[in-house]
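Chemist: What follows is a single structure, and I will ask about it in a moment.
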Amino acid sequence: MSERPAGAFGDAITAPFWEAARERRLVVQRCRDCGRHQFYPRPFCLACGGTALEWAPSKGLATVHALTTVRIAVIPELQPPYVVALVELDEGPRMTTNIVGGTCRIGDRVRVAWRERPDLPPLPVFEPVGEGST
Amino acid sequence: MTLQTPPVYIAGVAETPLGEVWDQTELSMVALAAREAVAEAGMTLRDVDGIFVNYMGEEGSVQVGEYLGIQPRYADSSDLGGAAFEAFIHHAMLAVAAGRCEVALVAYASRQRTRRGRSMVRARDGSSLASQFEVPYGLPSPIGLYALIAARHMHQYGTTPEQLAAIAVAARQWARLNPKAWSRDPLTVQDVLASRMISDPLHRLDCCLVTDGGGAVIVTTAARARNAAKRAVRVLGAGESHTHWHISQMPDLTVSAGGVSGKQAFEMAGITPADVDVLEPYDSFTITVLMALEDMGFCAKGEGGRFVERNRLGPGGDLPALTSGGGLSYNHPGALGLLLLVEAVRQLRGEAGDRQVKEAKIAVAHGVGGFFSTAGTVVLARE
């Protein structure tokens, strides 16, 4: 096992996610034994119990599973109203995220975008996929 | 899976001072309620040998034990949030039935209103999974998570804001009959829909109160319950479960842990939803009640909205529910589960005054905690 890079964000298990995020790459764990993807990461596969996990690139495409418009101030960097969604990645796992750059409804297709954060790795958010795209 | 255990009873219940409590501490509030509950049970605090407490100091039940002068032989501080108190009854029932303790005190008090201790912001330092994957998106806690669940339920089953509002209206109609309720003004579906939207689709009046309060419950054996000053109520069944902490990990946004806890409790009690005379479901939000009705089998999955439409939960309805006025209109001290038990017992004893449900023989208290994460169900019966 390699040493965890100095200044890494997150914890020992999630660090590779944030290292990829620094390059604006969305990655999720994939089980080499059963092929299932999982998010957030763990040291074992929730589906089959195996430990042969690798970090696989996500296509960055997802479907909106649920969403809410937040109309109260919660954290300083987000001015209400803003949209929090639960999206289902094409690889299977769900992620909590924000919808940016347009409006959408449950069932709509979205793709990953990145929010820059001072002193922290970019945060994956999602934006509506235009008509005619996948 | 009917569990054959010696019968166990609730022999005393009490509320702490409620509402805005400036002249007490949490510990003194618990002391008042515990003394009243043991007096109903025909006992004193010296008889208590089991203690079931959390959220009352730095180490579970320990500070309450010290304050009350109790050195228990059985102690439990299970942390299931709003469902903790139904889980405590489950655990106390088993502990008493197994002879590990004889007189169990379940207690709670909070001054979250006067302390203004309620925050919707969680740690943001990257040290926890939530701070990495949920908090940076500004999801208000807990309402934002319940809002996502409500939005999904609406999408999947056509549930409407009016149907959710009908639950708040039913709670208020009961609260108008309860002199101890915090909110007693008339309330209509239109009032709920006209209240400020906080996190779509949940309005201000889809949300519970933030008040001070708490209570105490005494669980004991049949032999000890015979000396009770008031009618003891039998604990017929109980169950508990939890499903997730982060909303991304909830297996199905439209199914709560109440499916497992309800089934466990009803099977142990040997009852079906049709046998329930009074229901005390946790109402942190209106959606919390709607999904609990479905998950416990009072209606089919997806039918909750239509089920609550014609005020079946309100006074005169065929499933009287939220009879104290609930967390929406009576009191919500941060963890409501204990007060659900108090109201269920008072209904079964026939002590509920203007809001008394006629001939109530079976009552169910159903706690829900976290972010629809936990559930605990207790079936109580008048014998």
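So the protein lines, in turn, are chains F and G. Position 74 of the first sequence, counted from 1, bears residue number 73 in numbering that gives the first Met the number 0, the numbering being contiguous throughout. Position 341 of the second sequence, counted from 1, bears residue number 340 in numbering that gives the first Met the number 0, the numbering being contiguous throughout. Every residue gets a Cβ at the ideal spot worked out from N, C-alpha and C, and that includes glycine.
1. With a 10 Å radius around its C-beta and 16 neighbouring C-beta atoms as the bar for buried, classify L252/G as buried or exposed.
2. Which residues does DSSP list as the beta-bridge partners of R116/F?
3. With 8 Å as the threshold, decide whether the Cβ of G100/F is near any Cβ in chain G.
4. Where does N226/G land, buried or exposed, given buried means 16+ other C-beta within 10 angstroms?
5. Could you pull the DSSP bridge partners for Y8/G from this structure?
6. Cα separation between Q62/G and D78/G?
7. On a Cα-Cα basis, can you pick out the residue from F371/G, A221/G, G212/G and R175/G that is closest to L235/G?
8. For A106/G versus Y329/G, is the C-beta spacing smaller than 8 Å?
9. Going along the region 68-97 of chain F in order, which residues come within less than 7 Å of chain G, judged by CB to CB distance?
10. How should E53/F be labelled, buried or exposed, when 16 other C-beta atoms within 10 angstroms of its C-beta is the threshold for buried?
11. When you compare only the Cα positions, how much space is there between I98/F and V124/F?
12. Do you know how far the Cα of T102/F is from the Cα of Q155/G?
13. Counting along the chain, where does the alpha helix (DSSP H) carrying S247/G start and finish?
14. For F370/G, which beta-bridge partners are listed by DSSP?
15. Report the neighbours of A14/F on chain G: residues whose CB is nearer than 7 Å to its CB, in chain order.
16. Let me know the alpha helix (DSSP H) ranges lying completely inside the region 277-364 of chain G, each 4 residues or longer, listed in chain order.
17. Does the structure place the region 101-116 of chain F close enough to the region 44-51 of chain F that three or more beta carbon pairs sit under 8 Å?
18. Check whether chain G comes within 8 Å of F43/F, counting only Cβ atoms and requiring the distance to be less than that.
19. Just checking: is the beta-carbon of E133/G within a distance shorter than 8 Å of some beta-carbon in chain F?
20. Against G9/F, what residues of chain G qualify as contacts under a CB-to-CB distance less than 7 Å, listed in chain order?
21. How big is the Cα-Cα spacing for L31/G and T15/G?
22. Rounded to whole angstroms, how far is the Cβ of T322/G from the Cβ of V356/G, which I believe are closer than 8 Å?
23. Between I246/G and chain F, is the shortest Cβ-Cβ distance under 8 Å, so that the two count as touching?
24. With distances taken between CB atoms, is the gap from V69/F to P56/F smaller than 8 Å?
25. On the three-pair Cβ rule with 8 Å, is the region 28-44 of chain G touching the region 356-367 of chain G?
26. Our contact map puts S109/G next to G213/G with C-beta atoms below 8 Å; I'd like the distance itself, whole angstroms only.
27. Mind pulling the chain F residues with CB within less than 8 Å of G257/G?
28. In chain G, which residues lie less than 8 Å from H64/F when you measure between Cβ atoms?
29. Strictly below 7 Å CB to CB, what residues from chain F border H154/G?
30. What would DSSP say about A103/G, mapped onto helix, strand or coil?
31. Candidates D46/G, E25/G and G238/G: which alpha carbon is nearest E57/G's?
32. Would you list the one or two residues that DSSP bridges to E126/F?
33. Once the 5 residues before and after V288/G are set aside, which same chain residues still bring their CB inside 6 Å of it?
34. In the DSSP assignment, the alpha helix (DSSP H) including G49/G goes from what residue to what residue?
35. Quick test of your reading: A264/G and Y8/G, contact by CB under 8 Å. State the CB separation rounded to the nearest angstrom.
36. Can you name the residues of chain F whose CB is closer than 7 Å to the CB of D199/G?
Modeler: Taking the structure as given:
1. Here residue 252/G is taken as the residue at index 253 of the second sequence, counted from 1. With 16 or more other CB atoms across the displayed protein chains lying within 10 angstroms of its CB, L252/G is buried.
2. As a working note, residue 116/F is residue 117 in the first sequence. DSSP, once it has assigned bridges, lists L119/F as partnering R116/F.
3. For the purposes of this step, residue 100/F is taken as residue 101 along the first sequence, with counting starting at 1. No - not a single Cβ of chain G is within 8 Å of the one on G100/F.
4. For the purposes of this step, residue 226/G is taken as the residue at position 227 of the second sequence. The residue in question, N226/G, is exposed, as its Cβ has fewer than 16 Cβ neighbours within 10 Å.
5. In the second sequence, the residue the question calls residue 8/G occupies position 9. Y8/G pairs with T219/G and R233/G.
6. Within the second sequence, numbered from 1, the residue matching residue 62/G stands at position 63. Within the second sequence, numbered from 1, the residue matching residue 78/G stands at position 79. Q62/G and D78/G: Cα-Cα distance of roughly 16 Å.
7. In the second sequence, the residue the question calls residue 235/G occupies position 236. Nearest C-alpha to L235/G: A221/G.
8. The count along the second sequence starts at 1 and reaches residue 106/G at position 107. The count along the second sequence starts at 1 and reaches residue 329/G at position 330. In terms of Cβ geometry, A106/G and Y329/G do not form a close pair [threshold 8 Å].
9. Under the 7 Å Cβ criterion, the region 68-97 of chain F contributes T68, V69, R70, I71, V73, I74, L77, Y81, V83, L85, R93, M94, T95, T96 and N97.
10. Here residue 53/F refers to the residue found at position 54 when the first sequence is read from its first residue. With fewer than 16 other CB atoms across the displayed protein chains lying within 10 angstroms of its CB, E53/F is exposed.
11. Taking the first residue of the first sequence as position 1, residue 98/F is located at position 99. Taking the first residue of the first sequence as position 1, residue 124/F is located at position 125. As the crow flies, the alpha-carbon of I98/F is around 6 Å from that of V124/F.
12. On the second sequence, position 156 is the one that residue 155/G refers to. On the first sequence, position 103 is the one that residue 102/F refers to. Q155/G and T102/F: Cα-Cα distance of roughly 20 Å.
13. Your numbering for residue 247/G matches position 248 in the second sequence. Counting along the chain, S247/G falls outside any alpha helix (DSSP H), and DSSP gives it neither H nor E.
14. Numbered from its first residue, the second sequence carries residue 370/G at position 371. According to DSSP, F370/G bridges with nothing at all.
15. Here residue 14/F is taken as the residue at index 15 of the first sequence, counted from 1. Under the 7 Å cutoff, chain G gives no residues; its nearest Cβ is about 10 Å from A14/F.
16. Taking only runs of at least 4 residues, the alpha helix (DSSP H) segments lying wholly in the region 277-364 of chain G are 285-294, 303-308, 325-328 and 336-348.
17. Below 8 Å, too few C-beta pairs join the region 44-51 of chain F and the region 101-116 of chain F to call them touching: fewer than three.
18. Looking up residue 43/F in the first sequence gives position 44. For F43/F, no CB of chain G lies under 8 Å from its own CB, so it is not counted at the interface with that chain.
19. Residue mapping note: residue 133/G aligns to position 134 of the second sequence, counting from 1. At least one chain F Cβ lies under 8 Å of E133/G.
20. In the first sequence, the residue the question calls residue 9/F occupies position 10. Within chain G, the residues whose beta carbon sits less than 7 Å from that of G9/F are G125 and Q131, listed in sequence order.
21. Here residue 31/G refers to the residue found at position 32 of the second sequence. Here residue 15/G refers to the residue found at position 16 of the second sequence. As the crow flies, the alpha-carbon of L31/G is around 6 Å from that of T15/G.
22. If you number the second sequence from 1, residue 322/G lands on position 323. If you number the second sequence from 1, residue 356/G lands on position 357. With a Cβ gap of about 6 Å, T322/G and V356/G count as contacting.
23. Working through the second sequence from its first residue, we reach residue 246/G at position 247. Yes, I246/G counts as interfacial toward chain F.
24. By one-based count along the first sequence, residue 69/F stands at place 70. By one-based count along the first sequence, residue 56/F stands at place 57. No, Cβ-Cβ distance for V69/F and P56/F is not below 8 Å.
25. Result no; under three Cβ-Cβ pairs closer than 8 Å.
26. Residue 109/G sits at position 110 when you count from the first residue of the second sequence. Residue 213/G sits at position 214 when you count from the first residue of the second sequence. Rounded, the Cβ-Cβ distance is 6 Å, consistent with contact.
27. On the second sequence, position 258 is the one that residue 257/G refers to. Under the 8 Å cutoff, chain F gives no residues; its nearest Cβ is about 19 Å from G257/G.
28. Here residue 64/F is taken as the residue at index 65 of the first sequence, counted from 1. Chain G residues near H64/F: R151 and L252.
29. Against the second sequence, residue 154/G aligns to sequence position 155. Ordered by position in chain F, the residues that pass the 7 Å Cβ test against H154/G are I105.
30. Translated into positions along the second sequence, residue 103/G becomes position 104. Taken through DSSP and simplified to helix, strand or coil, A103/G comes out as strand.
31. Indexing the second sequence from 1 puts residue 57/G at position 58. It is E25/G whose Cα lies nearest to the Cα of E57/G.
32. Within the first sequence, numbered from 1, the residue matching residue 126/F stands at position 127. DSSP lists R110/F as the beta-bridge partner residues of E126/F.
33. Taking the second sequence and counting its residues from 1, the one referred to as residue 288/G is at position 289. Only residues of its own chain outside the window of five on either side were considered, and among them I166, P280 and D282 have a CB closer than 6 Å to the CB of V288/G, listed in chain order.
34. Position 50 of the second sequence, counted from the start, is the residue given in the question as residue 49/G. Per DSSP, G49/G lies in no alpha helix (DSSP H) segment; the continuous beta strand (DSSP E) that holds it begins and ends at G49 to V52.
35. In the second sequence, the residue the question calls residue 264/G occupies position 265. In the second sequence, the residue the question calls residue 8/G occupies position 9. Rounded to the nearest angstrom, the Cβ distance from A264/G to Y8/G is 16 Å, too far for a contact under 8 Å.
36. Numbered from 1 along the second sequence, position 200 holds the residue referred to as residue 199/G. Listed by position along chain F, the residues whose Cβ is nearer than 7 Å to that of D199/G are T67 and T68.
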